[in-house]
Every structure is written in structure tokens, then in C-alpha cells.
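Undergrad:
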Amino acid sequence: MTRTLLAAIARFLSGASVRWIDCQPDTCQRVYFANHTSHLDPIVIWSSLPADVRALTRPVAAKDYWEKGWVRRYLARQVFDALLIDRKHIKVHQSPVDLMLKAMGDTHSVIIFPEGGRNTGAEMGEFKSGLYYMAKKRPDLELVPVHLDNMNRVLPRGEFLPVPLLSCITFGAPIWLEAGEPKTDFLNRARDAVRRLKDA
Amino acid sequence: MNLMDLTTFGLVGGVLMLLTAATGIGQLLKRQTDTGLNLAVIEQFNARIRAWWVLCAVLAAAFLLGREATVVLFGLLSFWALREFITLTPTRMADHRALFWVFFLFTPMQYILIGLNDYALYSVLIPVYAFLFIPARIAMAGDYKRYLERCAKIQAGLMICVYCLSHAPAILYLDISRPAAAESRPAAEGPPDAEAGESRPAGGSSADESPNARLLFFFLLVVTLGDAFQYISEKLLGKHVIAPAISPNRTWEGYLGGVGCATLFGTAMWWATPFEPWEAAVMSVVITTMGFAGGMTMSAIKRDRGVKDYGTLIEGHGGVLDRIDSTCFAAPIFFHFTRFLFPQ
Chain A
1 MTRTLLAAIA RFLSGASVRW IDCQPDTCQR VYFANHTSHL DPIVIWSSLP
51 ADVRALTRPV AAKDYWEKGW VRRYLARQVF DALLIDRKHI KVHQSPVDLM
101 LKAMGDTHSV IIFPEGGRNT GAEMGEFKSG LYYMAKKRPD LELVPVHLDN
151 MNRVLPRGEF LPVPLLSCIT FGAPIWLEAG EPKTDFLNRA RDAVRRLKDA
Chain B
201 MNLMDLTTFG LVGGVLMLLT AATGIGQLLK RQTDTGLNLA VIEQFNARIR
251 AWWVLCAVLA AAFLLGREAT VVLFGLLSFW ALREFITLTP TRMADHRALF
301 WVFFLFTPMQ YILIGLNDYA LYSVLIPVYA FLFIPARIAM AGDYKRYLER
351 CAKIQAGLMI CVYCLSHAPA ILYLDISRPA AAESRPAAEG PPDAEAGESR
401 PAGGSSADES PNARLLFFFL LVVTLGDAFQ YISEKLLGKH VIAPAISPNR
451 TWEGYLGGVG CATLFGTAMW WATPFEPWEA AVMSVVITTM GFAGGMTMSA
501 IKRDRGVKDY GTLIEGHGGV LDRIDSTCFA APIFFHFTRF LFPQ
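Chains A and B, in that order, are what the protein sequence lines are.
If you use this note's numbering, the first sequence corresponds to residues 1 to 200, in order.
If you use this note's numbering, the second sequence corresponds to residues 201 to 544, in order.
1. Quick check on A/Thr184: buried or exposed, where buried means 16 or more other Cβ atoms within 10 Å of its Cβ?
2. Counting only Cβ pairs nearer than 8 angstroms, list the residues of chain A close to B/Arg350.
3. Could you spell out where the beta strand (DSSP E) holding A/Ser17 opens and where it closes?
4. So, using beta-carbon positions, are B/Gln544 and B/Leu374 closer together than 9 angstroms?
5. Classify B/Pro474 as buried or exposed, calling it buried when 16 or more other Cβ atoms lie within 10 Å of its own Cβ.
6. Looking only at its own chain, which residues have a Cβ that is under 6 angstroms from the Cβ of B/Val258, when we skip the five neighbours before and after it?
7. How would you list, in chain order, the residues of chain B whose beta-carbon sits under 7 angstroms from the beta-carbon of A/Val163?
8. Quick one, which residues of the region 134-160 of chain A are near chain B if we go by CB-CB under 9 angstroms, in chain order?
9. Please classify B/Leu325: is it buried, with 16 or more other beta-carbons within 10 angstroms of its beta-carbon, or exposed?
10. Could you please tell me which residues of the region 5-17 of chain A, in chain order, have their CB closer than 7 angstroms to any CB of chain B?
11. Terminal residues of the continuous beta strand (DSSP E) containing A/Val146?
12. What ranges does the beta strand (DSSP E) occupy inside the region 2-70 of chain A, keeping only unbroken runs of at least 3 residues that lie completely in it?
13. Quick check: B/Arg505 and B/Ile446, are their CB atoms within less than 9 angstroms of each other?
14. What did DSSP end up calling B/Ile442 once you bin it into helix, strand or coil?
15. Within its chain, find whatever has a CB closer than 8 angstroms to the CB of B/Leu513; leave out the 5 residues flanking it on each side and keep chain order.
16. Would you call the CB atoms of A/Pro145 and A/Val154 closer than 9 angstroms?
17. Could you tell me the boundaries of the alpha helix (DSSP H) in which B/Ser278 lies?
18. Measure the CB-CB distance between A/Arg118 and A/Arg157 and report whether it falls below 9 angstroms.
19. Looking only at its own chain, which residues have a Cβ that is under 8 angstroms from the Cβ of B/Pro392, when we skip the five neighbours before and after it?
20. Would you mind reading off the limits of the alpha helix (DSSP H) that contains A/Val79?
21. Does the beta-carbon of B/Gln430 have 16 or more other beta-carbons within 10 angstroms, so that it is buried, or is it exposed?
22. Using beta carbons (cut-off 9 angstroms, strictly below), is B/Phe279 in contact with chain A?
23. Measure the alpha-carbon distance for A/Val18 versus A/Asn35 and round it to whole angstroms.
24. Would you mind reading off the limits of the alpha helix (DSSP H) that contains A/Cys168?
25. Given this structure, state the Cα-to-Cα distance separating B/Tyr455 from B/Val422, to the nearest angstrom.
26. How would you label B/Met217, buried or exposed, when you count the other beta carbons within 10 angstroms and need 16 or more for buried?
27. Please confirm if B/Gly403 has its CB atom under 9 angstroms from at least one CB of chain A.
28. In this structure, does DSSP put B/Val215 in helix, strand or coil?
29. Using a C-beta cutoff of 9 angstroms, does B/Met490 count as contacting chain A?
30. So, with DSSP's three-state summary, where would you put B/Ser526?
31. Taking the alpha helix (DSSP H) that B/Ser410 falls in, what are its first and last residues?
32. Can you check which of these residues, B/Asp525, B/Pro477 and B/Gly519, is closest to B/Thr497 by C-alpha distance?
33. Just the C-alpha distance for B/Leu358 and B/Ser278, rounded to the nearest angstrom, thanks.
34. Look at A/Leu177 and A/Val31 and say whether their C-beta atoms are less than 9 angstroms apart.
35. Hey, quick one: how far does the beta strand (DSSP E) through A/Ser109 stretch, first residue to last?
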């Protein structure tokens, strides 16, 4: 109930129009990877999914931001069922990739932002290697590129009040790790897949 | 409060018949492939008719619910139009706080004041208070790049999408009874369905509102007809393009044809308004001319931004601003002309 309501509010505030290009909503296990420009990104992607897919999808978000204050903590834990990752103290035996794969089990999907942090420039930042290791350890996962347009104007870095401009979310065709594909090649290909959706 | 009465129902019925006829023609044209007409033009025509159906349904619902509901409806339209306007207008990070107040303070405030019928305040809130607030707030954010341009864009968006459009529902609050009729009020001079010739206090809620609802309806109908007839005359007669760089479609023939036809219609509808026939004619000319000016202005802004429709950048959103550009320009002028005719 709360989840449906909040999803509707998020959709209204972000004025997001959702496009699926060469890809359909599905409850199969997926990793949605997107460009990151605003704190609202995980919520906006999550709320733009159909209800049945949304119920199985967990946004991955930064612990230091979403643990701050009871509102954020409540939203992250109770509403979005977010998987909070500690960006500051990464342990070797419990890497974010392992945590994510463990949390996904064999039913859930996740939303991740391979740039690591929000970028402020016009160009997307380089992708961190997490996506590559996820694809290597779980080759069965569908990796769905997602492009967010104009979200950085809805809630820019350092602001806490959103301005309700219109934004656009584009889901693209899934990619997989090719056999023997080098890490940098794969990450560049993934980044291109997101970037291409801007003009698609 | 219900804004409908028998005459209004007659009007709505007439519009429904017009729309049904237009839909029929559109579907017929779509079926026939040998008319020599451009398929894209027919599709555009059908899209417009669909938009009018939606507009008509929403408007009828708001009228049935009363004038507060109509004010809220126009408030939401403004909000959405402003979203489209600002989305297409490059602003910088430093404008964020100013934009926040524009969306969440000035826009609702304008419509609340309309609902309270506080003319003294709502006529200056945006042109004075918001006008001064926006540049000051942006200056405080400390980014001077293209400063004047950014201020002007936000001010223009707020003026066109919110201030101008808010004068359409403000029509519902005007006192449009003739002074002569007011003197002979107790002698049952008023319309037969009025609540026993009750006097109309300015903004009083107990007064009969249906003449105002009809006036708003008249206004919106003439604006829309002006648009439609302009479009048709452009297609049929258009030769002399007014400003090719702005819009290759807008011709003098289209403008004159649109104003002429819509004025004939508007004049023929004088009985539904508080106007004399000649007043209805003048009002129709004013409304359609302003509507034309609005279309031209918005085309120029779109050209400047390098887009064809406000709806196309953000796919799936209908382009509210494309539909209401003429209404935005015509509303404040029509409002003031009516105020001049019926001193408050």
C-alpha cells in the first residue's frame, strides 16, 4: 500500500516518462544498471517498473546517505527494500558484489549504478568493475542498461528539495558477458549501451 | 457548487455534436485513401480532435464539481505547462532553489488567490513579487553565467504558464451583471433560473455562477475554434507566410480566415454570454487575435530551443503547452476587456 503510493508520488515528482526499447518488463532475474546523477535515481527507476517486477527488484544504494535520519532509513528499509552498501569500509571477504549476489538469491533483481557515485558533468563517468564480476559469477543474469535523462535537474547534488521537471527513463536491450571478453572491453560496452539510449 | 444549468447544457450538447461530427469526418478521411490529402495531416487532425475530447471531458467534470474544482484544474494545467517550459529551458544548478519556490510557492499561491478572488493581490503577485524574487534568489546562489538570460527565462515561464493562464478561471469570479439589471433586480429581471434574483456580492459563493461558467466556456470555445479555423484556412488558402523562419505554416490567409470564422461563431453565440452581439464580435476578434499571437510566440520559443513540439522532447507527455499556448495569451486580455465592460 505505502509502496504503491510512494511509487506513484515518485513518478509524479520526477515526471518520468518510461520507455522500453528492445526490452520488456519481466520478473526474471536482472541487473538494471544506470547512469547516476541524482539521489532520486534508485527510487525513480524502482517506481517506474510494473508492480509485480517492482516487488522483486531491490535498489542498491549508498549506506552513508540512506542511513542518515529516520525518514531515509524508513524509506530505504521498509519501502524500497534497498540493499545498502557501505562505500567507505569495503572488506575483502565481503565485497559489494558478493553481498549483492547473496541478496539477490535466485528470485530478486537489483538496480545498480556502476559509476559508483553521482556524476556532475555532462559525460558519464567510467564504470567500476562490479558489473563485470557480477556478470562473471552469474552469467545467467540479464544485464539491462537504463538511461536517466534530466534527473540531475530534478534533484541536483547537494540539494534536498526536488523541482518537478520532466525526466525520461529508457530501458534498453539486455547484454551479457561474452566468453573471454576482457574486463575493460565489457565495461566500455556496457557504458556505451547506456549512453546510446539517450538518443534512441 | 454546480455551474451547469439548462443553457449551459445546451452549449455543452452543441459542442459534443460538433466534436462528434469532427471525429466522424476524421475517421472518414482516414478510411479514404484517394482524397489526395496528406496522411500525416489527417493523423494530426485526428490527434487534435482526441485532445479536444479529453479537454471537453475534463472541463465538463470541473464545471459539474464547481468553480473551486475548475480553479484547481487550471492550477494543475499551469503546473504541468510550467514543467514543460522549464524542462526545455536550460537552467543551471544555481537556479534550483529559485525554481523550487516558483513551483511550490508562487504557482499554488496564484491559484489560491484566484480562488479567494483577491484581484488586488493576484494581479501583482507574479509580475511584481515573483519578478523581483527570482533574480534576487539566483544572484544569492552565486552563479553569474548567462545570469540575465536565466532570470528572464524563468520569469517568462512563470508569466505565461501561470499568471496568464490563471486569468481563465478568474473569469468565474467576475461580476458580470449589467448595472441596469441590478437596479430592477427585485422585479424578477434576472435569468429565470437564477436563485430568485439574489444580489451578487463580489466573489459571493451563494450567487448563481452559471453565467460565469458560460462565459468561460464561450472564451475557451472561441480560442479553440480560432485555432481550428486558422489551421483549416492555412491548409486550404495559405499563401502569404507571415514569418517563414518562425513557422512556415502560419499565413495571413490562415490568420484572417481563422479570426473571421471564429468571430462569426462567437457572435452567433452572444445569447449564451452577458454581451451584446457587437460586444461578442469584438471579444471574438480579440480572443482569436491573442490566440494567434500566443501561437506565434510559442513557435518562436520552440524554434529558439530547436524543438517542434513541447511534447516531443519528453516522449509520452502530451505537450500541454502546445495545446494551451493560445489560451495563455488570450485569457488575461479577455479577462480585462470583460472587466472594463462590467466595472466591478
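In this text, a Cβ means the ideal position worked out from N, Cα and C, and glycines have one as well.
A quick note: this is a predicted structure, and the numbers were derived from the prediction, not measured.
TA: Looking at the atomic coordinates:
1. Of the other Cβ atoms in all chains shown, fewer than 16 fall within 10 Å of the Cβ of A/Thr184; this residue is therefore exposed.
2. Ordered by position in chain A, no residue passes the 8 angstroms Cβ test against B/Arg350, which lies about 13 angstroms from the chain.
3. Note, A/Ser17: beta strand (DSSP E), Ala16 to Trp20.
4. B/Gln544 is a Cβ neighbour of B/Leu374, given a cutoff of 9 angstroms.
5. The residue in question, B/Pro474, is buried, as its Cβ has 16 or more Cβ neighbours within 10 Å.
6. Answer for B/Val258: no residue qualifies.
7. Taking the beta carbon of A/Val163 as reference, the chain B residues within 7 angstroms of it are His296, Leu299, Phe300 and Phe303, listed in sequence order.
8. Under the 9 angstroms Cβ criterion, the region 134-160 of chain A contributes Asp149, Asn150, Asn152, Arg153, Leu155, Pro156, Arg157, Gly158 and Glu159.
9. Buried is the call here.
10. So the list reads Gly15 and Ser17, given in the order they occur along the chain.
11. That run of the beta strand (DSSP E) goes Glu142 to Asp149.
12. If only uninterrupted beta strand (DSSP E) runs of at least 3 residues are considered, those enclosed by the region 2-70 of chain A are 16-20, 30-34 and 57-62.
13. Not in contact: B/Arg505 and B/Ile446 (Cβ atoms no closer than 9 angstroms).
14. Residue state, collapsed to three classes: coil.
15. Here the model assigns B/Leu513 a pLDDT of 47, short of 50, so the residue's position is not dependable, and the following value carries that caveat. Thr287, Leu288 and Val507.
16. Not in contact: A/Pro145 and A/Val154 (Cβ atoms no closer than 9 angstroms).
17. Residues Arg267 to Leu288.
18. A contact, by the Cβ cut-off of 9 angstroms.
19. Because B/Pro392 sits at a pLDDT of 44, beneath the cut-off of 50, its placement in the model cannot be relied upon, and the point is left open.
20. Here A/Val79 belongs to no alpha helix (DSSP H), and DSSP marks it neither H nor E.
21. With 16 or more other Cβ atoms within 10 Å, it is buried.
22. Closer than 9 angstroms: yes.
23. Taking the straight line from one Cα to the other gives about 15 angstroms.
24. Premise fails: A/Cys168 lies in the beta strand (DSSP E), Ser167 to Phe171, not in any alpha helix (DSSP H).
25. Separation of B/Tyr455 and B/Val422 (C-alpha to C-alpha, rounded to the nearest whole angstrom) is 14 angstroms.
26. Here B/Met217 is exposed: its Cβ has fewer than 16 other Cβ atoms, across all protein chains shown, within 10 Å.
27. In this predicted model, B/Gly403 has a pLDDT of only 43, less than 50, meaning its place in the structure is not dependable enough to derive any value.
28. Here B/Val215 sits in helix by DSSP.
29. Cβ-Cβ to chain A under 9 angstroms: no for B/Met490.
30. B/Ser526 falls in the helix class under three-state DSSP.
31. Ser410 to Leu437 is the extent of the alpha helix (DSSP H) around B/Ser410.
32. Closest option to B/Thr497, judged by alpha-carbon separation, among B/Asp525, B/Pro477 and B/Gly519: B/Asp525.
33. Distance between the alpha carbons of B/Leu358 and B/Ser278: 9 angstroms.
34. Not closer than 9 angstroms, so no.
35. Annotation: the continuous beta strand (DSSP E) that includes A/Ser109 extends over Ser109 to Ile112.
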